[in-house]
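>
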DNA sequence: TCATCTCTTGCACACGTGTGCGTATCCATT
DNA sequence: AATGGATACGCACACGTGTGCAAGAGATGA
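Chains as they are written, first to last, in the numbering used here: chain A, 36 to 382; chain B, 36 to 382.
#1: Strictly below 7 Å CB to CB, what residues from chain A border residue 90(B)?
#2: Using the Cβ count rule (16 or more neighbours within 10 Å means buried), how would you classify residue 101(A)?
#3: Just to confirm, is the Cβ distance from residue 214(A) to residue 277(A) under 8 Å?
#4: By the 8 Å beta-carbon criterion, what residues does the stretch 163-183 of chain B contribute toward chain A?
#5: Check residue 306(B) in the structure and name its three-state DSSP category.
#6: So, at 7 Å on beta carbons, what are the nonlocal neighbours of residue 201(A) in its own chain, with the 5 sequence-adjacent residues on each side left out?
#7: So, do the stretch 330-341 of chain A and the stretch 107-118 of chain A have three or more beta carbon pairs nearer to each other than 8 Å?
#8: Would you say residue 29(A) and residue 76(A) are within 8 Å of each other, going by their C-beta atoms?
#9: Taking only beta-carbon atoms, is residue 215(A) less than 8 Å away from chain B?
#10: For the beta strand (DSSP E) that residue 180(A) lies in, which residues bound it at each end?
#11: Here's the rule I'm using: 16 or more other beta-carbon atoms within 10 Å means buried, otherwise exposed. How should residue 372(A) be labelled?
#12: Is the distance from the Cβ of residue 252(A) to the Cβ of residue 109(A) below 8 Å?
#13: What are the start and end residues of the alpha helix (DSSP H) that includes residue 76(A)?
#14: Strictly by DSSP, which residues pair up with residue 154(B)?
#15: Report the three-state DSSP secondary structure of residue 260(A) (helix, strand or coil).
#16: Count the other CB atoms, across all protein chains shown, that sit within 10 Å of the CB of residue 302(A); report buried if there are 16 or more and exposed otherwise.
#17: Assign residue 132(B) to one of three DSSP states: helix, strand, or coil.
#18: Anything in the stretch 129-157 of chain B with a Cβ closer than 9 Å to a Cβ of chain A? List those residues in chain order, please.
#19: Measuring CA to CA, which of 288(B), 323(B), 299(B) is closest to residue 322(A)?
#20: Taking 8 Å as the threshold (beta carbon to beta carbon), is residue 282(B) in contact with chain A?
#21: Taking only beta-carbon positions, decide if residue 51(B) is within less than 8 Å of chain A.
#22: Which residues in chain B have a C-beta closer than 9 Å to the C-beta of residue 222(A)? List them in chain order.
#23: Is the shortest distance between the beta-carbon of residue 46(B) and the beta-carbons of chain A less than 8 Å?
#24: If I follow the unbroken beta strand (DSSP E) through residue 326(A), where does it start and stop?
#25: In terms of residue numbering, what span does the alpha helix (DSSP H) encompassing residue 282(B) cover?
#26: Assign residue 359(A) to one of three DSSP states: helix, strand, or coil.
#27: Use the C-beta contact count for residue 383(B): other C-beta atoms within 10 angstroms, 16 or more gives buried, fewer gives exposed.
#28: So with CB distances below 9 Å, who are the chain A contacts of residue 292(B)?
Below you can see the structure in the form of structure tokens.
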């Protein structure tokens, strides 16, 4: 049978409030009985009931983390950062895979609400207006990762990478290597991160005096198969590019695999840049040039922000604002200088 | 303010037990009031308090999942399987990274005990006797993944891949390709999975009439850097092997990267087999031949087993036993037939 | 008409913990 | 010796929910 503070109270010949106070190290209890009760609790194998405690204190010390799928290594690294920070502050993580199905997302949110989590971190790729409304109903602060939300509510904030700057870095790197015709392979449709990376790409081109060519924007989907298809489209172009910037590393990997099958050498015939710097980026052949997102760091930041929001509800809130972190260009071997090939300038 | 069943009771002009029964669809309540109360609950935005419910029913519908690190894509895929199955049965997953630090593991277990989880799944690489004892103290059933535990307790069982058979498959494949000198690069020290894979390796060699050579067993650590170092050792051998079976894919990747730097061609000069079939195995160059573990499936199985154990506590338990699943050899391009090279037979 | 039975609802308690407030004890001060 | 204050502890209630049991209201049969 499970031992409660009442059992300890009976064993020690005191009342249960005394035990409660002794275990929480209250100054109201004499040092002698405090020590006696603590030893007793230890001996009897007492474990405080977090449910009962949460019921009365209205604090559960647990946070919900909603992801599309934890099997995505990019997501997993973020969650790693979240969990570690949460643990260090005595918080517990409840994991929810939404699988990008709205119905499942709703169910997850309802569950978190029911469990009375102290806060929520969401790293689904897109967050519809309807979903955000549900999120607000939890009645707990919410932090979004890589989800730009225009009107951050009273208690919802976000941590995100500077996608535009990242796109600018990647494209600028290719330009500096001498490339003029540079493709962009898009990510999932309508994602704000895709649009921002693309904006950075355009910005870098214009800055260098290169006219952006709509034909060089090739649709992808953020997954390897999207990259594979993109390469085929790219090759069918009348005037194919000498370099390509991909929405993310997964896309780049697919594209490179397809290129290898077609006998196209990377980076000799085509330079490729990715985005994210997933775990294996340096182990691919060729090692992938990419824009690194500080994934674990972003998880840490999000959790810290959430902790601030949680405690800010009691204290009058210190000012918290959305946080934007910078990606970092990591040059490996999938890009190289454009040289000694006849450069075909259109128009 | 949060709405409780008492608030609904007041609004409906009934007592709170009536509301409780109406919402749980009890046959004791008339259809009319049941409908009225359910509609009222909907309107008032009622969300049941899982804490209070768990306190009285002694069921929390949440399970703890302890992993070394969720950032390991292999682990993440297992957790994906666990979470999906848990969700489908109305259960919630509490995630704990142990980071392989014993102190952290203990803390995690204590936290899970405090939260009164209904069960626990552990997929840390090694589980010491002391740790298992702590685990038992949770007072909830435990399922271990890829952790062979000799004496499974009253409520602890396991799901694991057949490591010995997997090692036999990998080595057999190399033998069939004509290789005679085959190395094995070990995993983390003293892990039972490593010993079992090595046993399968020896078994396949002996079966084929090849004398196992202790010099060909090279220490690794389960990570890429271990594989890189292994390659150097391997090259320094007087009579180097023509093929190598690595403890896992991470090791193989490191080994292949090191080989590339040394100008050694895979699979022309050296055939390489991995283990696990991590997500990117097919995207590496060359695509990796490996023994696939059904990761998501193992997660599913473990969760199903846990559900059985949980419900079996009330019903008299149906018989549950440890489960062993078979890996599958996946032949890609990192291995190939040994041919037309002078074969050096020792002794 | 009265007893019995079914249907519906309320009362009271329990789960385990935290906390405001009252009170008993003891020591020091006047 | 009486008063004051500090110290240490118990009483009672609250958090939100589930459930055994009693009780009231009708309906039905004798």
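Just so you know, even glycine gets a beta-carbon here, dropped at the ideal spot from N, CA and C.
Per the coordinate set shown:
#1: Chain-ordered, the chain A residues with CB closer than 7 Å to the CB of residue 90(B) read 86, 87, 90.
#2: buried
#3: yes
#4: If the cut-off is 8 Å between Cβ atoms, the stretch 163-183 of chain B has 172, 174 near chain A.
#5: strand
#6: For residue 201(A), same chain residues with a beta-carbon under 7 Å away, outside a window of 5 residues either side, are 232, 235, 310, 326, 362 in chain order.
#7: Judged by pairs of C-beta atoms under 8 Å, the stretch 330-341 of chain A touches the stretch 107-118 of chain A, as three or more such pairs exist.
#8: Outside the displayed span of chain A (36 to 382) sits residue 29(A), for which this structure offers no information.
#9: no
#10: 177-180
#11: Residue 372(A) comes out exposed.
#12: no
#13: 66-78
#14: 98(B)
#15: helix
#16: buried
#17: strand
#18: Residues 129, 130, 131, 132, 134, 139, 142, 143, 145, 146, 147, 148, 149, 150, 151.
#19: The residue with the shortest Cα to Cα distance from residue 322(A) is 288(B).
#20: no
#21: no
#22: What residue 222(A) touches in chain B: nothing, since even the nearest Cβ is about 18 Å away.
#23: Closer than 8 Å: no.
#24: 324-327
#25: Premise fails: residue 282(B) is in no alpha helix (DSSP H) and is neither H nor E.
#26: strand
#27: Lying outside 36 to 382, the shown extent of chain B, residue 383(B) is not represented and no answer is given.
#28: 317, 318, 320, 322
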